[in-house]
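Heads up: the sequence shown begins at 3 in the numbering used here, then just goes up one per residue.
Just so it is clear, CB atoms sit at the ideal spot from N, CA and C, and this is done for glycine as well.
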Amino acid sequence: MHLKNTLILALTFAVHCTLLSQVSVMGNLAIGDTTHFHLLKTTRNDQFIGKVMSWTPDSMVFLTSSEVRISFPPSEVRSIEVTENQQLGSPNVEIFILETTDGKMYYGYPKQIQPDRITFVAGGNVGLLRFRPENVLSIEPTSSMSLMTMEPFINEYCLQSKANKKVTGEMLGYSGGRIQLLDADGKLVNESVENLRKYELCAQYTPYLGYGRSLMFLPTGFGMEDSQREYRNIALGINILSFGISDHVSVGTGLVSILPYADIKYSQDFGKYVHWSIGGYAFVPSAIGIHGAISLGTHDYFLNLSYLRNFDIKSLDTDSDFESFSVGASLRTGRRSRLFAEYNIMVAPVSTFGGYESFYEHGFGNMFTWGYGWFKRKFRLETGIMGIGPFTSYYCFPEECERTYHVPIPFFAFSFYF
């Protein structure tokens, strides 16, 4: 009898160890424990807050804090963390549960609802799903978990009815073919899907991250954050990799045309609205230089002043001594967009031989840059026009004359954060 009990205990222990060996468990996990919350993370990067109710070799039953019962194959569970309360270990971002008429459930948020289609962003690796409204039983909010999505989600929707009624507010749910929305004044809006002209997720506000290195071409007074990394390409010919070494020091390396390039930048803040930086750079093997900048304002709205001094390598006779002064500004114009402008003047000794064509007779060159930028959390795209000059023309119709002009050149740039 004792041998039988010992074998059963040993077998139970072996099965339990086999189950746990597939899942990382942090804390003292007790199945059915009602005094602690469990943070469950799946192999698809979904997160759930609730309680593990049962665990067998084929199935794990999980009860979320909003009383939704979910069954997982243990192979799809990455880890379970035992927490003291619902908030610990989870961002607790409000999302939605979509339930279909055939009993299936999806977790995420509706992106767009139309009379003939519901577009739903599901978490994990599921992606974008589309349903006919008659096949959706309900869409209800829950704060029991957080889904890892490419973009941040804020519960803010824009509704326009066929009668041209326009409402912006927080979605409360969907059932029986009707949408419930809470507007900015706290008024409940209940609209039938059949009466919709447009119902979609409002454009999400995204922080602008590109201020840490430059306004467009020249440096800002801001700095990159510790461990922040960026790849930037301007007009295909300029390719720079930048790294935040700390909250005050960043470095960059890459190619400008065919020349290897490297720089270092130190930045500091004077309060909330004044930011300055200094640094140095090198174009191998033709030139080295120093730069400094002051930015006045915030990341979204700032005025930028910068100075750059370029020194040529005398032994190579590169003839590239010049100074650069610039003034510019960046203005956020939307939740994911900005306008920017930059004026740059470069001053150099007048040269008859070599050097920069614009400097031959005038001793200076300047550039006006106007542009528009659109960005997401890890990507930004910028495009605009550069006016470069002055260049000299010695022929004017109908009679010969001398005039100066600037050449407009369109450009584009893009950046990735990783």
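- Three or more beta-carbon pairs drawn from the segment 207–223 and the segment 277–284 are found closer than 8 Å, and the two stretches are therefore classed as touching.
- Rounded to the nearest angstrom, the Cβ distance from GLU158 to SER417 is 27 Å, too far for a contact under 8 Å.
- Judged by their CB atoms, ALA205 and ARG382 are not nearer to each other than the 7 Å cut-off.
- The Cβ-Cβ distance between MET348 and SER326 falls below 7 Å.
- Residue state for PRO410 is assigned as strand, using DSSP reduced to three classes.
- Counting only the Cα atoms, LEU65 lies some 4 Å from ARG71.
- Check the Cα spacing between ALA32 and each of ALA350, ILE51 and VAL84: the tightest is with VAL84.
- ASP228 is a Cβ neighbour of GLY246, given a cutoff of 7 Å.
- When Cβ pairs closer than 8 Å are counted between the two stretches, the segment 178–186 is seen not to touch the segment 252–267, the count staying below three.
- Around the C-beta of PHE420, fewer than 16 other C-beta atoms lie within 10 Å, and the residue is accordingly described as exposed.
- Contact check for LEU307 against ILE296 passes: the beta carbons are separated by less than 7 Å.
- Here PHE39 is buried, its C-beta having at least 16 other C-beta atoms within 10 Å.
- Contact annotation: TRP372 and ALA331 have beta-carbon atoms that are not nearer than 7 Å.
- Going by DSSP, ASN346 is part of the beta strand (DSSP E) stretching over 339–349.
- Relative to ILE315, the option among LEU341, PRO135, SER252 and ALA284 whose CA is nearest is ALA284.
- Separation of VAL169 and ASN197 (C-alpha to C-alpha, rounded to the nearest whole angstrom) is 13 Å.
- Taking the Cα positions, VAL195 is about 35 Å away from LYS43.
- Taking THR121 as the centre and dropping the five residues before and after it, the same chain places the C-beta of LYS113, GLN114 and ARG132 closer than 6 Å to its C-beta, in chain order.
- ASN368 and TYR108 have their C-alpha atoms some 57 Å from each other.
- SER73 and SER81 do not touch by the CB rule: their CB atoms are close to 18 Å apart, not below 8 Å.
- Beta-bridge analysis with DSSP links GLU83 to MET28 and LEU41.
- For PRO75 and ARG340, the gap between their C-alpha atoms comes out near 46 Å.
- Taking a contact as a CB-CB distance under 8 Å, the pair LEU100 and ILE156 does not count as one, their CB atoms being some 18 Å apart.
- Counting along the chain, the unbroken beta strand (DSSP E) around HIS277 starts and ends at 276–285.
- For the options SER259, THR406, HIS250 and ASP249, the alpha carbon positioned closest to that of LEU238 is the one of SER259.
- Judged by their CB atoms, ILE236 and ALA415 are nearer to each other than the 7 Å cut-off.
- Around the CB of LEU161, 16 or more other CB atoms lie within 10 Å, so the residue is classed as buried.
- Positions of the beta strand (DSSP E) runs, each at least 3 residues long and wholly inside the segment 205–284, are given as 231–236, 240–246, 251–258 and 261–272 in order along the chain.
- With respect to the 7 Å criterion, THR208 and LYS378 are classified as neighbours on the basis of their beta carbons.
- A straight-line Cα-Cα distance of about 26 Å links LYS53 and ASP104.
- Burial check for SER26: the Cβ neighbour count within 10 Å stays below 16, so the residue is exposed.
- In the structure shown, SER332 falls within a strand segment according to DSSP collapsed to helix, strand and coil.
- In the three-state scheme derived from DSSP, where H, G and I count as helix and E and B as strand, ASN368 is classed as strand.
- In the DSSP assignment, GLU202 falls within the beta strand (DSSP E) that extends over 198–203.
- Per DSSP, the continuous beta strand (DSSP E) segment holding ARG180 begins and ends at 180–185.
- Between TYR309 and CYS403, the alpha-carbon positions lie close to 36 Å from each other.
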